[in-house]
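Novice: As numbered in this note's numbering, residues 10 to 224 make up the sequence shown, in order.
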Amino acid sequence: MNATTVRACTAFADARRLAAGAVRDVARAVRLHLDAHPDASVLVFDNATACPVEFDLRGTVDDIAARFDEAAGVHADALEPSARPRGPGRPKLGVTAREVTLLPRHWDWLAAQPGGASVTLRKLVEAASRAAQGPDRRREAQEAAYRFMSAMAGDAPGFEEAARALFAADAARFATLTQPWPADVRDFARELARAAFGMTPPLADAPSPTPEAVA
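#1: Take Ala172 and list the residues in its own chain whose beta-carbon comes closer than 7 Å to its own, dropping the five residues that flank it on each side.
#2: Are the CB atoms of His42 and Leu27 nearer to each other than 8 Å?
#3: Helix, strand or coil, according to DSSP, for Ala28 in the structure here?
#4: Where does the unbroken beta strand (DSSP E) through Ala22 begin, and where does it stop?
#5: Under DSSP, the alpha helix (DSSP H) around Phe197 begins and ends at which residues?
#6: Given 7 Å as the limit, tell me if Phe206 has its C-beta closer than that to any heavy atom belonging to the ligand PLP.
#7: Go ahead and pull the three-state DSSP assignment for Val134.
#8: Tell me whether the beta-carbon of Asp72 lies closer than 8 Å to the beta-carbon of Val62.
#9: For Arg16 and Pro123, what's the separation of their Cα atoms in angstroms?
#10: Between the C-alpha atoms of Ala198 and Thr19, what's the straight-line distance to the nearest angstrom?
#11: In the DSSP assignment, find the unbroken alpha helix (DSSP H) run with Asp117 in it and report its ends.
#12: Quick one, are the C-beta atoms of Trp201 and Ala150 less than 8 Å apart?
#13: What residue does the alpha helix (DSSP H) around Phe206 start on, and which one ends it?
#14: Could you check where the beta strand (DSSP E) with Leu52 kicks off and where it finishes?
#15: Secondary structure at Pro166, three-state DSSP: helix, strand or coil?
#16: How long is the line joining the alpha carbons of Leu111 and Asp145, rounded to whole angstroms?
#17: Determine the direct distance from the alpha carbon of Ala106 to that of Val134, and round the result to whole angstroms.
#18: Quick test of your reading: Phe206 and Ala177, contact by CB under 8 Å. State the CB separation rounded to the nearest angstrom.
#19: At the level of alpha carbons, what is the spacing between Ala57 and Asp196?
#20: Quick one: give me the first and last residue of the alpha helix (DSSP H) that Thr185 is part of.
#21: Using the C-alpha atoms, what's the distance from Ala120 back to Val203?
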């Protein structure tokens with residue numbers, strides 16, 4: 010994944026969380042760490058999707074920061090509204106006209122609603138979209154957590170059972186099975202999985218790991 014499209018990410022050096030936050034800051038931390046530890050293994054994940062993030066670490070730390078600043082400026086310019094004066098008439102609302110095929114009784118019902126057919130259809134679509142957000146968010150959280158777990162904990166004890174608990178939405182079993190994992194890996198997997206369990210309280214509230222687990 011291109012780092013310029015990511016809002017926030019987390020870097021891991023082996024099983025330790027190296028840095029987290031804005032991609033510009035994480036890239037800087039990764040570069041400094043690799044300068045000090047050239048043979049280190051560092052993986053970076055998008056905080057939302059857990060997709061791997063690749064940095065362009067060429068040049069100095071300042072060069073890296075400048076590239077991110079330049080990319081951010083280009084993105085901001087693309088979002089800037091047109092400076093051209095708006096002509097007369099009603100402002101554009103961003104709506105798109107397309108054909109909708111309905112039965113006569115459907116059209117009759119829509120015509121009888123306050124605001125008419127277009128307003129009612131938009132309200133119905135918005136309501137259906139909100140209703141689908143819960144299942145969609147749970148599925149996305151499951152996929153993100155599993156993606157990270159596969160990359161960072163594929164050889165960890167209880168991985169397969171933890172994955173089954175994740176997709177079964179069994180929060181308690183997931184917390185138990187991930188408890189022996191390295192603390193930073195375990196906690197990030199739990200953060201990603203929260204929505205998969207219906208936005209339960211943070212699973213990181215489980216008992217603290219032993220000192221050996223975070224070594």
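Idealized CB from N, CA, C, for every residue including glycine.
Since this is a predicted model, take the numbers as computed values, not measurements.
Specialist: Checking against the coordinates, here is how it stands:
#1: Tyr155 and Met158
#2: yes
#3: strand
#4: Ala17 to Ala22
#5: Ala192 to Ala202
#6: This structure does not include the ligand PLP; it has no bound ligands of any sort.
#7: helix
#8: no
#9: 40 Å
#10: 12 Å
#11: Pro113 to Ala120
#12: Looking at the sequence provided, one finds Leu at residue 201 rather than Trp. Contact flag set, yes.
#13: First-last for Phe206: undefined, no H or E at that position.
#14: Val51 to Asp55
#15: coil
#16: 27 Å
#17: 15 Å
#18: Incorrect: roughly 10 Å between the Cβ atoms, too far for contact.
#19: 15 Å
#20: Ala180 to Thr187
#21: In the sequence under discussion, the amino acid at residue 203 is Arg, which differs from the Val named in the question. Taking the straight line from one Cα to the other gives about 43 Å.
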